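K.L.:
My questions will all concern the structure given below.
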Amino acid sequence: VERPRHQGMAKNTSMRWRLPLVCLLWEVAMIVLFGVFVRFGAEADAHWEEEKREMNLTSDIENDFYFRYPSFQDVHVMIFVGFGFLMTFLKRYGFGAVGFNFLLAAFGIQWALLMQGWFHSFKDGKIFIGVENLINADFCVGSVCIAFGAILGKTSPIQLLVMTLFQVTLFSVNEYILLNLLHVKDAGGSMTIHTFGAYFGLTVTRVLYRPNLEQSKDKQGSVYHSDLFAMIGTLYLWMYWPSFNSAISDHGDAQHRSAINTYCSLAACVLTTMAFSSMLQKKGKLDMVHIQNATLAGGVAVGTSAEMMLTPYGSLIVGSISGIVSTVGYVYFTPFLESRLHIQDTCGIHNLHAMPGLIGGIVGAITAAAATEDVYGKEGFIKAFDFTGVYQTRTPSIQGGFQAAGIVVSLLMAFAGGAIVGGILKLPIWGDAAAENCFEDDVYWEVPEDEESDVYHMHNPEKAASP
Amino acid sequence: VERPRHQGMAKNTSMRWRLPLVCLLWEVAMIVLFGVFVRFGAEADAHWEEEKREMNLTSDIENDFYFRYPSFQDVHVMIFVGFGFLMTFLKRYGFGAVGFNFLLAAFGIQWALLMQGWFHSFKDGKIFIGVENLINADFCVGSVCIAFGAILGKTSPIQLLVMTLFQVTLFSVNEYILLNLLHVKDAGGSMTIHTFGAYFGLTVTRVLYRPNLEQSKDKQGSVYHSDLFAMIGTLYLWMYWPSFNSAISDHGDAQHRSAINTYCSLAACVLTTMAFSSMLQKKGKLDMVHIQNATLAGGVAVGTSAEMMLTPYGSLIVGSISGIVSTVGYVYFTPFLESRLHIQDTCGIHNLHAMPGLIGGIVGAITAAAATEDVYGKEGFIKAFDFTGVYQTRTPSIQGGFQAAGIVVSLLMAFAGGAIVGGILKLPIWGDAAAENCFEDDVYWEVPEDEESDVYHMHNPEKAASP
Amino acid sequence: VERPRHQGMAKNTSMRWRLPLVCLLWEVAMIVLFGVFVRFGAEADAHWEEEKREMNLTSDIENDFYFRYPSFQDVHVMIFVGFGFLMTFLKRYGFGAVGFNFLLAAFGIQWALLMQGWFHSFKDGKIFIGVENLINADFCVGSVCIAFGAILGKTSPIQLLVMTLFQVTLFSVNEYILLNLLHVKDAGGSMTIHTFGAYFGLTVTRVLYRPNLEQSKDKQGSVYHSDLFAMIGTLYLWMYWPSFNSAISDHGDAQHRSAINTYCSLAACVLTTMAFSSMLQKKGKLDMVHIQNATLAGGVAVGTSAEMMLTPYGSLIVGSISGIVSTVGYVYFTPFLESRLHIQDTCGIHNLHAMPGLIGGIVGAITAAAATEDVYGKEGFIKAFDFTGVYQTRTPSIQGGFQAAGIVVSLLMAFAGGAIVGGILKLPIWGDAAAENCFEDDVYWEVPEDEESDVYHMHNPEKAASP
């Protein structure tokens, strides 16, 4: 209840010049690079009238905007409100959770538009962007939000911006290897977003291991209302996950199917999470940590396969398993990771993103390998896996092998990248707080006096009398 | 402020084996039944390319996904955030409100996909699902969320799962009778969702009457921030209700019209609610209970008629009346129901869903009976009421009569079903809490120590000094 | 912490008869006027089947509903949750913030449908409405929500309803002058919504200047959780702003482009806001007031130009500048306005809406003046600025001049209108609270006893022991 005694801090956490410098420098860089490279794509350019005629489109409704914009907005909510509020569960780190998530995501989407643009939307020296690029930028930043979950409360905003810069870069490289070189399908990002993001974050937090973190243990819990704020994040992630997994799938049946599979998987996941949360606690009481997190594992675990013919009952199975794995992870793996492997994972991203992400990659590989022309139809089969051009001779089992390779590449990129970036973040110049001041907004934020002051007043009756 | 003394509890509320058993058993049943029955509908199946050709569709945008997915997501938010947070108004039952709503809805949508599928999407031994089925499953679960409002804080999660199983079943039967046998229109569910759900819940809570409930009276109120959490639920229900009432209407003008009528009705409802809330309180102060609930009655009351030519001013009238009825209900009827009829209605669903639902059914019957070819146009008239096939000779007044019959059937189903299900829930095996522990999360949830502990510290200064 | 002593109030704040009277009177007026004037537009009318044939439309998807409804819902969320929760930052005015915003917006949209309908959708003595009218009504009310921000906590609900009546009227006149007489482009409302709304509100609050407001200074701050509630409002405004600026743009590329420009501007704005928030505080700590508000300035500042070929890097520049201007405004201008000009601006709308609105108007004028057929394409150029009919000879530079004139007209309307309406609101009949009771929900709302009572109990140990 008492304020941390900052006068006693060994570290200089003042952001006064460092944070503005980094923010402004990077924003200027963004402006210059956008000026040189970024232009409107054909469907967002005022020349669209002529374009429409050339493409023989009879209606404005054929603009990709109308296929994807509603999904984009749902994804946008997931990144900013979903991840932001999910992390407000800590009693005294709500500002940092939602505020730093806001900061890193707002920077990350700009840098992602460039990085992903160079890899995927580059033509004649320019990057041409449309609504699909906005979705992909949000996706890329999603992987940074995931990694943020592991180091939540232990890093300065500058460290987060530095991490975002590197992680977005590595994400884009990894995504390019998977989607373009390996020709892997991963529309909902089980591998590119969740597996990569989570193992990257876990590696970073391992490198940044703080042996004295138990000094701030009293602040690493929740209070009643902070748990309710976190449920806002949970529910928005849960509800909009069908949009997440279907947002960049092919028009038509693929988007439709992705939404259905994800809806089913998530519904099943809630039941197994509740079951195991109650079963693994001595008195059978439910734990909000599980409800806030493990209920979402079903969305992660169908990220790769949702647009495939996974089928509704297949989705129920995947969702059920991932809810169990994730809840068991919170009860047994997280303490193990911390005590034995020195991995301090604030939000338990290992349980919500890493393991379910791996499940998602594996389920995707199996579903791809099991695909037949009978199930997909002749045209549907080619369209679903994009078996055209140089890939027209690929068989489902070979595709399954490449999907599996995608998991391995994502893991390697995450470990190597996380180790390097963790090393950079360990430099003593970024202004992170001492162990006893972790999980405390007061270090980087102006915090209003409230309950604390009440308690203070109690011991000073004359003050309480005249507020 | 003191914790309930659980050691003194007469009842065994431990969920440790019972809740996992029920959750896992039912999820396994869902997987088996989905495996046997549920398949992707044509628009979500990879054979869609061929389907498109057969149906002469020139564009993927004709896929029903693009007509209904944005509305589906809005409905989804209403069920999980809307109902979930609306019920967080209780000071110590926020976890139960949002968490149990999450649990029952996640189970209910799976069971509803099956039940409604057998009645409406069954062909050649399989249920074929698409986005419209997802919306209908959410709708069905909406009626369970409504019934949950009556028994909020007084039941165990197992009781809720048992109730969901039965209520979804009965809902689907009632819906089949109304929509298929009586050929009644009810796109926004005034009868099928609200009237049925509310009277079902009120009957259940009557059967479960707790004579000693005043023992937990101190917990049956709100605190300042719990009222703000509840407003999140209110506003999402209010804002997205136009999507709710238009989500499964016919493509084109019907969806468009439903949204406009609902928008108008809800706007009017806010003003009359505020007026009567202030008028009925001695000092003229507004009551958050009314603002959180009665402002929504306008959405309920145009549920049947919104897709008809109710007209914007007709909607204003219906919305105005329902706001008044609902607010008056909170002030006068709820205490009467409790003291005289022994109906303990935690959220006042009688005022928000039951009476406005009846109004909605009646307004729908009148609007249907008053329909003319002049107002609808010749084709529009047939399309609006689906007067084709065996129904091509139906006149508006006969349709109005059938609409009225739909209200009666819904009421009978609700009373009979609620009595039976209430009886089942009364069995002493489900682990519900004793009267003095109602409205208290601590019974079924791990609750963090927070303000309480502060207050506790006050009386133990030595503890407060070293937190 | 102590309750205000109401017994000492000089003013009669009871709403018991006044508020119901105003609400019911105005709702009756709405019903009569809607009955006389408002009808469904062609796309929402049951005659649509015939209409479709006449317009040679082959699919229901061509109904404007499918182009605009998802954006409408996003705008709807911005008005009710966005503005409502943004203003909950005050520690004891959360009910008033979200509740009065709800009240005035629900009334305002009805009156706006009429006012804007007479100006823009009037034919043969009737107003024909569709989804675009709903969006415009929400937009119009947005300007009232902005003005509410200046007087938040200092006015009675009746004053707000009176202000809404007049402001909606003046908004519609101003909008008609700009869009129809000056033929100005302003799809995102930098001028019509933000400049007009903000300067109107600032003028009103100037007229209502309260010299003794420091008597309630202790309640004019936030507490920890009220700041988190406010962040819900901030994030929904931020995330959905691309929908706001694109909602009524032309179908196709214009909507697409508006969303991209707004997305970019807002992302940049977050970084410069964070930079200056940290830089301008002695210890370099971030201030939630800036994060909650100045991060949104980027959306305001591209309101006029987002649908033009502003380009992504142009958007980054505008967003960066507006974040800086807005944050500097909070630190330096707001105290200056209060101490020197007697403008008491509770939410700092001068920084979030007034200055960025002016920037938006100017950027729009420049972007229009700089337009060339080369950049827009021949057809795109005509379509973007609607240079048809009597306007076919307008050049870009003339258009730029008219855009600039639009700013001036909006300012004059705001100052004149605000002065008159402020004068009306100064009449001593509306039941506003005394200075010492400002920013206090207890004046107009039933407020549950909570933390206060705890603190009270502390000094009465015998009470605390038996709650």
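Protein chains in written order, with the UniProt record's numbering: chain Z, 1 to 467; chain C, 1 to 467; chain B, 1 to 467.
Glycine included, C-beta positions come from ideal geometry on N, C-alpha and C.
Source: prediction; values computed, not measured.
(1) To the nearest angstrom, report how far apart Asn-12/C and Ile-260/C are at their CA atoms.
(2) Within 8 angstroms (strictly less), CB to CB, does Arg-18/B reach chain Z?
(3) Please determine, among Pro-396/C, Val-144/C and Ile-177/C, the residue with the shortest C-alpha to C-alpha distance to Leu-161/C.
(4) Quick one: any contact between the segment 28 to 43 of chain Z and the segment 125 to 142 of chain Z, if contact means 3 or more CB pairs under 8 angstroms?
(5) Can you tell me which residues form a DSSP beta bridge with Trp-445/B?
(6) Would Glu-449/B pass as an interface residue toward chain Z - the criterion being a Cβ-Cβ separation below 8 angstroms?
(7) Whole angstroms are fine: how far does the CA of Ala-267/B sit from the CA of Trp-26/B?
(8) Is there contact between the segment 266 to 282 of chain Z and the segment 243 to 250 of chain Z, where contact requires at least three CB pairs shorter than 8 angstroms?
(9) Asp-253/Z and Ala-46/C look like a contact to me (Cβ under 8 angstroms); what is the Cβ gap, rounded to whole Å?
(10) Run through chain C and tell me which residues come within less than 9 angstroms of Gly-361/Z, C-beta to C-beta.
(11) Identify which residue in Asp-64/Z, Phe-139/Z, Gln-110/Z and Phe-83/Z has its Cα closest to the Cα of Leu-152/Z.
(12) Let's see if you can read the secondary structure: which residues bound the alpha helix (DSSP H) around Arg-257/C?
(13) Under the assumption that Arg-92/C contacts Glu-446/C (Cβ atoms under 8 angstroms), give the Cβ distance between them as a whole number of angstroms.
(14) For Val-302/Z, which three-state DSSP category applies?
(15) Flag this pair as touching only if the segment 391 to 408 of chain B and the segment 357 to 370 of chain B have three or more C-beta atom pairs under 8 angstroms; answer yes or no.
(16) Using beta-carbon positions only, say whether Arg-206/B and His-350/B come within less than 8 angstroms of one another.
(17) In angstroms, rounded to a whole number, what distance separates the CA positions of Pro-356/B and Ala-301/B?
(18) Given that Leu-237/B touches chain C, what residues does it touch there, using C-beta distances under 8 angstroms?
(19) Give me the Cβ distance between Val-98/C and Cys-140/C, rounded to the nearest whole Å; I'm assuming they're in contact under 8 angstroms.
(20) What runs of the alpha helix (DSSP H), each 4 residues or longer, lie entirely inside the segment 140 to 218 of chain B?
(21) So Asp-74/Z and Ser-339/Z are supposed to be a Cβ contact under 8 angstroms. How far apart are they, rounded?
(22) With which residues is Lys-126/C paired in a DSSP beta bridge?
(23) Between Gln-292/C and Phe-37/C, which are expected to be in contact by the criterion C-beta below 8 angstroms, what is the C-beta distance as a whole number of angstroms?
(24) Taking Cβ-Cβ distances shorter than 7 angstroms, what residues in chain C pair up with Ile-61/Z?
(25) Which same chain residues, not among the five before or five after Pro-448/B, have their C-beta less than 6 angstroms away from its C-beta?
(26) Tell me which same chain residues have a C-beta within less than 7 angstroms of the C-beta of Met-115/B, skipping the five on either side of it?
(27) Could you work out which residues of chain D lie near Thr-88/Z, taking near to mean beta carbons separated by less than 7 angstroms?
(28) Going along the chain, which residues of its own chain have a beta-carbon closer than 7 angstroms to the beta-carbon of Gly-8/Z, five neighbours each way excluded?
(29) Taking 8 angstroms as the threshold (beta carbon to beta carbon), is Leu-213/Z in contact with chain C?
(30) Taking Ile-109/B as the query, report the chain C residues whose CB atoms sit under 8 angstroms from its CB, ordered along the chain.
(31) Cβ closer than 8 angstroms: which chain B residues qualify as neighbours of His-350/Z?
(32) Who are the Cβ neighbours of Phe-107/B in its own chain at under 7 angstroms, not counting the five residues just before and after it?
(33) With distance defined between alpha-carbon atoms, name the residue in Gly-35/Z, Ile-424/Z, Leu-352/Z and Asp-386/Z nearest to Leu-296/Z.
(34) Would you decide whether Trp-17/Z is buried or exposed? Buried here means 16 or more other CB atoms lie within 10 Å of its CB.
(35) For residue 478/Z, which option in Ile-420/Z, Val-325/Z, Glu-49/Z and Lys-154/Z has the closest C-alpha, if you only look at C-alpha atoms?
(36) Closer than 6 angstroms by C-beta to Gly-306/B: which residues in its own chain qualify, once you throw out the five before and the five after it? Chain order, please.
P.N.:
Quick look at the numbers:
(1) The alpha-carbon atoms of Asn-12/C and Ile-260/C are separated by roughly 51 angstroms.
(2) Interface annotation, Arg-18/B: not in contact with chain Z, CB-CB separation never under 8 angstroms.
(3) Check the Cα spacing between Leu-161/C and each of Pro-396/C, Val-144/C and Ile-177/C: the tightest is with Val-144/C.
(4) Enough Cβ pairs lie closer than 8 angstroms, so yes.
(5) Per DSSP, Leu-286/C.
(6) Closer than 8 angstroms: no.
(7) Trp-26/B and Ala-267/B: Cα-Cα distance of roughly 41 angstroms.
(8) Three or more beta-carbon pairs separated by less than 8 angstroms are not found between the segment 266 to 282 of chain Z and the segment 243 to 250 of chain Z, which leaves the two stretches without contact.
(9) A Cβ-Cβ separation of about 6 angstroms places Asp-253/Z in contact with Ala-46/C under the 8 angstroms criterion.
(10) Within 9 angstroms Cβ-Cβ: nothing; Gly-361/Z doesn't reach chain C, min ~21 angstroms.
(11) The shortest C-alpha separation from Leu-152/Z is found at Phe-83/Z.
(12) If you look at Arg-257/C, you'll find it in the alpha helix (DSSP H) that goes 253 to 279.
(13) No, Arg-92/C and Glu-446/C are not in contact; Cβ-Cβ is about 14 angstroms, not under 8 angstroms.
(14) Looking at Val-302/Z - three-state DSSP - the assignment turns out to be coil, as it is neither helix nor strand.
(15) Because the criterion of three Cβ pairs below 8 angstroms is met, the segment 391 to 408 of chain B and the segment 357 to 370 of chain B touch.
(16) The answer is no: Cβ separation not under 8 angstroms.
(17) Their backbone Cα atoms lie some 5 angstroms apart in a straight line.
(18) For Leu-237/B, no chain C residue has a C-beta closer than 8 angstroms to its own C-beta; the minimum C-beta separation is roughly 14 angstroms.
(19) With a Cβ gap of about 20 angstroms, Val-98/C and Cys-140/C do not count as contacting.
(20) Complete alpha helix (DSSP H) runs here, min 4: 157 to 176 and 196 to 207.
(21) Actually they are not in contact, since the Cβ atoms of Asp-74/Z and Ser-339/Z sit about 39 angstroms apart, beyond 8 angstroms.
(22) Per DSSP, Lys-123/C.
(23) Contact flag wrong, Cβ pair sits at about 40 angstroms.
(24) Listed along chain C, the residues sitting closer than 7 angstroms to Ile-61/Z by beta-carbon distance are Ile-61.
(25) Taken in chain order, the list of residues that qualify is empty.
(26) Val-168, Thr-169 and Ser-172, listed in sequence order.
(27) Protein chains in the displayed structure are Z, C and B, and chain D is not among them.
(28) Confidence in Gly-8/Z is poor, its pLDDT being 43 and thus under 50, which makes the residue's placement unreliable; the coordinate value appears in the next sentence. Nothing listed; no residue qualifies.
(29) No - not a single Cβ of chain C is within 8 angstroms of the one on Leu-213/Z.
(30) Residues of chain C with a Cβ closer than 8 angstroms to the Cβ of Ile-109/B are, in chain order, Tyr-263 and Ala-267.
(31) Within chain B, no residue comes near His-350/Z; the closest Cβ sits about 27 angstroms away, beyond 8 angstroms.
(32) Apart from the 5 residues on each side of it in sequence, Phe-107/B sits with its Cβ closer than 7 angstroms to the Cβ of Trp-26, Leu-161 and Thr-164 in its chain, given in chain order.
(33) Of the residues Gly-35/Z, Ile-424/Z, Leu-352/Z and Asp-386/Z, the one whose Cα lies closest to the Cα of Leu-296/Z is Leu-352/Z.
(34) Per the 10 Å Cβ criterion, exposed.
(35) Residue 478/Z is absent from the model: chain Z starts at 1 and stops at 467.
(36) One point to set straight first is that residue 306/B is Ala, not Gly, in the sequence displayed. Hits under 6 angstroms: Gly-188, Asn-245, Ser-258, Asn-261 and Thr-262.
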